[in-house]
Structures are given as C-alpha cells and as structure tokens.
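Going letter by letter, the sequence shown gives residues 159 to 389 in the numbering used here. What follows is a short report on a single structure.
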Amino acid sequence: MTALRLAWTELTRFASGPLLRRLVPLALVLIPSLYGGLYLWSNWDPYGHLNRVPVAVVNEDRAVDVRGKHVAAGDQFVAELQGDDSLGWAFVDAQTAQAGVRDGVYAFAVVVPPDFSAKLTSPLTEHPQRAEVRLVLNDANGYISGKIAETVELELKNKIDSAAFQAYAEGVLDALLDLHDQLGAAADGAAQLTAGERQAEAGAEDLAGGLDELAAGGATLADVAHHVADG
C-alpha cells in the first residue's frame, strides 16, 4: 500500500503542476511503447518476405570440357537462381557485390568460384573434389541476415551435391552405354569374322572339288593319249 500511495502522490504532484510537467508521465509511457512497437514491427515474421532480401550473386566459373561435353555449371547455377524468387537475387560482378555487402546494399553475396565446373565434374576423374560456392557476409547487416545466409548456404550445398551426384551418375551411364556399344561392335566383328571363316571353309571345299575333277579329267586325257599311241 505504501508503494501505491507514493505513486499516487507523485502523479497528483505532476497533475497539479504546469502543462509540461503533466506531459512527463505520458512521455515516459509512450516513448518506450513506441520504440518497442517499432522494433517488433521491423522484426515481425522476417522469413515471410524473403523475396525482398537483396542478395548479390557473382559468377566467376570457367567452363570445362569433360568426355566430349562442354560443362558450364556456373551459368546453369545462375540460370536456376534467376528462375527462383525466394530471395531478391541481384546478379553483379565481384567488386559491386563486395561493396554492396560492405555498405549494406546486399544482405550477403553468393560467389561461384572459377573452379566450380571443374570440381563439379571431378567425380568422373581420378581426383574427385567437392564443388562449393562461397558466401560473403557482413556481421553489421544484422543477426537475421546471418541466419538467412546460413539457411541459404545449407540449401545450396544440398543442391550442388545433388548436381554432382547426377553428373557422376550420368557419366557412369554414358560410360556403360559406350561400353555396351563397344561390346556390340566387338560382337558384330566376331560374327563377321565367323562368317568369313565359314566362307573360307566353303572356298576350300570348292577348291578341293575342283582338284578332284581336274584329276579325273587328267585320267581321261591320259587314256585318250594311250589309245592314240596304240593306233
């Protein structure tokens, strides 16, 4: 009760004074409430408007040729993001992205490194490597931006790993198809060789028959010659 009586006494003192003194209690109530309301509004449902979060994308990838195929994984990666509206992607160069992240223009940046295609197709070689993209962050852009970047990084890693496995599977399938074609060609060659051997055997039999006929013909000529000699 003493505390309530003391508070009431203070309020009546403010109320009985000049107008400015009367506004002090109102200001003490409204200013913190206004500040708290603005803070809650600015952070209310931050993941509900991710398409408004600006994110820079830099493609530095260099295409490679693997097993007769031209692979430009960086261009394909960018094309996938261009068709995705989950974030406010901005496709810029490295300098623009770095300056934008530093100045708060972009929440963070996604950089596709120069060896992205080479590493993505490396499972088809003797020295497989994991393809990754690099995220450029600025802690001054806020906690929420950092959490969004972590989620995006994890999602991109999963997609890249899936693409690498698909490239490996397609490469193995192509190799199996090539092997199947080679085995088929070898089988055709073996069949042709067998047919040639059969033709050679038939020719040899024809040759033997001809020699027999020639021998028979030679005996007839010998008999005629013998009769001429006797006559």
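Think of the CB as a built atom: it goes at the ideal place given N, C-alpha and C, for glycine as much as any other residue. Nothing here was measured: the structure is a model prediction, and the numbers come from that model.
Going by DSSP, ASP261 is part of the alpha helix (DSSP H) stretching over 252-261. Cβ neighbours of ALA276 within its own chain (closer than 6 Å, five residues either side excluded): VAL222. The bridge partners DSSP lists for ALA214 are ALA248, ALA267. In the three-state scheme derived from DSSP, where H, G and I count as helix and E and B as strand, VAL310 is classed as helix. When the beta-carbon positions are compared, ASP219 and ALA237 stay at least 8 Å from each other.
Taking C-beta atoms as the reference points, VAL291 and VAL263 fail to come closer than 8 Å. Scanning its chain for C-beta atoms nearer than 6 Å, with the 5 sequence neighbours on each side dropped, one finds no residue around ARG225. According to DSSP, LEU293 shares a beta bridge with VAL268. In the structure shown, the three-state DSSP call for ASP273 is coil. Look at ASP223 here: in three-state DSSP terms it is strand. Looking at the backbone, the Cα of GLU311 and that of LEU184 are separated by about 47 Å. Looking at VAL268, TYR301, PRO281, the one whose alpha-carbon comes closest to that of GLU313 is VAL268. Measuring C-alpha to C-alpha distances from LEU239 to each of ALA252, VAL215, THR254 identifies VAL215 as the nearest. VAL213 sits close to TRP247, with the two beta carbons spaced by under 8 Å. Contact between ASN296 and ARG260 holds: CB atoms are separated by about 6 Å, below the 8 Å threshold.
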